[in-house]
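Have a look at the structure below before the remarks.
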Amino acid sequence: MIVWDGIIVGGGLAGLVAGITAAERGKQVLLVAEGVGSLSFASGAVDFGDFYALKDKPGHPFSLISEDQAIEAIAKWQEICPFYKGSWGRGELVLTPLGETRLAGYLPNSLSAEPLQDATHIILIAPQGLKDFFPGLFASNLEINFPHAFVTIKPLKVEEFESHYRLGKSILATDYGRYWASQEGSDYLRWFFLETIRELGNLKDGVVLVFPGLSASFEPRLHELLASLKVSIVEPTILPPSPIGRDLYQFLRKKFKDLGGEFLISGKAKAAVMEEGYCHSILLQSQRKNFELKAKNFVLATGGVFGGGIQVGPRSIREAVFDCPLFLPKGWTEDGFLGPQPYALTGIEVDNNLHPLHSDGQIYLNNVFVCGRTLAHWDPWTDYCGGGVALTTGYLAGVKV
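With this note's numbering applied, the sequence shown corresponds to residues 78 to 478, in that order.
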C-alpha cells in the first residue's frame with residue numbers, strides 16, 4: 078500500500094493551494110474531493126477584509142498568522158496565478174454584478190475596474206438572456222459611480238443561443254463563457270469588437286467596454302484577442318455560477334496535476350484510523366467501493382456547515398472525517414438575514430501550526446493540519462476575508478506536509 082507524504086481532504090481553494098504548495102516542494106500528494114467544491118461559484122476576487130482588525134479578534138484565523146506569513150502566501154499565489162493583480166494594503170477597484178463598485182484584495186487583471194476611472198464613454202455589452210444580469214440597472218449604477226462618463230448599452234446576441242432567445246430561456250454566464258472560449262466564439266468576439274471599434278471612428282480615446290461573463294484571464298485565446306484591441310475591457314464579477322470561479326478551479330486543478338499531484342474526485346472520506354494523537358489512514362468511499370489510504374500527514378479542507386465538512390444533524394454536530402472537537406457558539410442564529418450569524422463561527426480551533434485542538438488547548442492530532450472554512454471563529458460574509466483565509470491557511474498547511 079502506498080504511503081503518501083500528504084493527503085489533502087477537500088478540493089476547494091484552501092485544499093488546492095495546500096496541494097500545489099506541497100507538490101512544488103517535491104512531496105507525493107493525493108487530493109481527495111467529494112465534488113468540485115464551492116470554488117466554481119466564487120467571483121475570482123481574493124479578499125482579506127481588514128486584516129489587522131481581524132488579527133485582533135480572539136481565535137480568528139488571522140490571529141494565528143503573522144503579516145509576513147500572509148505576504149509570503151500572497152507571493153506564492155501570484156507566482157501560481159501571475160495574471161492576478163494587487164498589492165498588500167491596497168484595495169483594487171472591482172465592479173459588482175449590479176454595476177456598483179467595491180474594493181477587493183487581489184483579482185484577475187480582467188476584473189480590474191481601474192480603467193473606468195478615466196473613462197469618458199462606457200459601453201456596457203449586454204449579452205441577450207444572460208441570467209441574473211440587468212443591463213438597465215447596471216448602466217444606471219455605472220452613471221452614478223462614474224458621472225464623468227457617458228454610458229450606453231450595446232446588445233449582443235449570437236446564433237449559438239438562438240433557441241434560448243426564441244423560448245425566452247435564461248443563459249448561464251458559464252455557458253456564455255464556454256462559448257467565448259471556443260474557436261467559434263472567439264472569432265465572433267473578434268468581429269464584434271472590431272465592428273464596435275469601427276463604429277466609434279475617431280472617438281476611441283476614453284472608451285471602456287464593460288463585458289460580463291467573459292473570463293478572459295484564464296483563456297489564452299481571449300487574452301491575446303483583448304490585448305490586440307485598441308480599447309480597454311473590464312469584466313464585472315458575476316452572480317453564481319461564475320465562469321471565472323469555474324476557470325480558476327480548472328486552472329488550479331491542472332496546476333496541481335502538472336506538478337505530479339494525484340487527484341481523486343467523487344471520493345468521500347468517511348472516517349480515520351487514529352492512535353495516540355496521530356492519524357495513520359483515512360477510509361474512503363468511491364464508486365460504491367471502500368478504500369484505506371495511508372499518509373504521513375493530512376490536510377483537512379472540507380469546508381464548514383454549508384460545505385459539508387461540518388455535519389449538522391437533529392441532535393449532533395460533528396466534523397465529518399477525523400471527528401475533530403468543534404467550537405460551537407452559544408447561539409445559532411440572530412435576527413437580520415445579512416447580519417452576523419453565530420453558526421458561521423462553528424469550526425475547529427487550531428494552534429499556530431494549524432493542528433486541531435481539544436477544548437483544553439491540547440493537540441488532538443499531531444499530523445493533521447486544518448485550513449479554510451473548516452476553521453472556527455470567523456464569518457466569511459461579514460469579515461469579507463473568505464479567499465484570504467483559504468489562501469493563507471491553505472499555503473501554510475501545504476508547507477507543513
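Each residue gets a CB set at the ideal place from its N, CA and C atoms; glycine is no exception.
Every value quoted in this text rests on a predicted model; they were computed, and no experiment measured them.
Rounded to the nearest whole angstrom, the CA to CA distance from GLY168 to VAL123 is 11 Å. In the DSSP assignment, no residue is bridged to ALA95. In the structure shown, ASN429 falls within a coil segment according to DSSP collapsed to helix, strand and coil.
In the DSSP annotation of this structure, the continuous segment of the alpha helix (DSSP H) that includes HIS241 starts and ends at 239 to 244. Leaving aside the five residues that flank SER309 on each side, the residues in its chain whose CB is nearer than 6 Å to its CB run, in chain order, PRO192 and VAL285. DSSP places SER358 within a strand segment (E or B) once states are collapsed to three. According to the DSSP assignment, LYS132 belongs to the alpha helix (DSSP H) that extends over 128 to 132.
Every alpha helix (DSSP H) of 4 residues or more that sits fully in the stretch 259 to 310 is shown, in chain order, as 260 to 277 and 297 to 304. Residue state for LEU473 is assigned as helix, using DSSP reduced to three classes. Taking the Cβ atoms as the reference, GLY424 lies roughly 3 Å from ALA453, within the contact range of under 8 Å. Contact between GLY464 and LEU90 is confirmed by a C-beta separation of about 6 Å, below the 8 Å threshold.
By the beta-carbon neighbour count (other beta carbons within 10 angstroms, threshold 16), ALA152 is exposed. Pairwise C-beta distances place the stretch 362 to 382 out of contact with the stretch 403 to 413, as fewer than three of them are shorter than 8 Å.
Cβ-Cβ separation between LEU108 and PHE333: approximately 7 Å, consistent with a contact (criterion under 8 Å). For the pair of segments examined, the stretch 192 to 202 was found not to touch the stretch 241 to 255: the number of CB pairs separated by less than 8 Å stays below three.
In this structure the stretch 258 to 273 does not touch the stretch 163 to 179; the number of beta carbon pairs closer than 8 Å is below three. Close CB contacts of ILE97 within its chain, under the 8 Å cut and outside five residues either way in sequence, are with ILE157, LEU329, LYS332, PHE333, LEU336, GLY338 and GLY475 (chain order). As far as DSSP is concerned, ILE79 takes part in no beta bridge. Between LEU170 and SER187 a beta carbon distance of about 13 Å is seen, past the 8 Å cut, so the two are scored as non-contacting. Within the stretch 396 to 464, the runs of beta strand (DSSP E) at least 3 residues long that lie entirely inside it are, in chain order, 445 to 447. ALA346 is a Cβ neighbour of VAL398, given a cutoff of 8 Å. GLN388 carries a strand assignment under DSSP once its states are collapsed to helix, strand and coil. Pairing GLU272 with LEU325, the inter-Cα distance amounts to about 30 Å.
Distance from GLY471 to VAL94 at the Cβ level is roughly 3 Å; contact confirmed, criterion being Cβ atoms closer than 8 Å. By a beta-carbon distance limit of 8 Å, PHE288 contacts GLU312. Their separation comes to about 6 Å.
Apart from sequence neighbours up to five positions away, the residues of its chain that approach LYS104 with a beta-carbon distance below 7 Å are ASP82, GLY83 and VAL478, ordered along the chain.
Distance between GLN362 and LEU431, taken at the CA atoms: about 26 Å. Excluding five sequence positions before and after CYS462, the CB atoms of its chain that fall closer than 8 Å to its own CB belong to ASP124, PHE125, GLY126, PHE128, LEU131, PHE139 and TRP455, given in chain order.
The beta carbons of LEU306 and PHE340 sit about 36 Å from each other, so the pair does not count as a contact at 8 Å. Runs of the beta strand (DSSP E) lying entirely within the stretch 109 to 182, each at least 3 residues long, are 169 to 172 and 178 to 181 in chain order. VAL235 carries a coil assignment under DSSP once its states are collapsed to helix, strand and coil. One alpha carbon belongs to ARG323, the other to ILE221, and they sit about 31 Å apart. Secondary structure of LYS366 (DSSP, three-state): strand.
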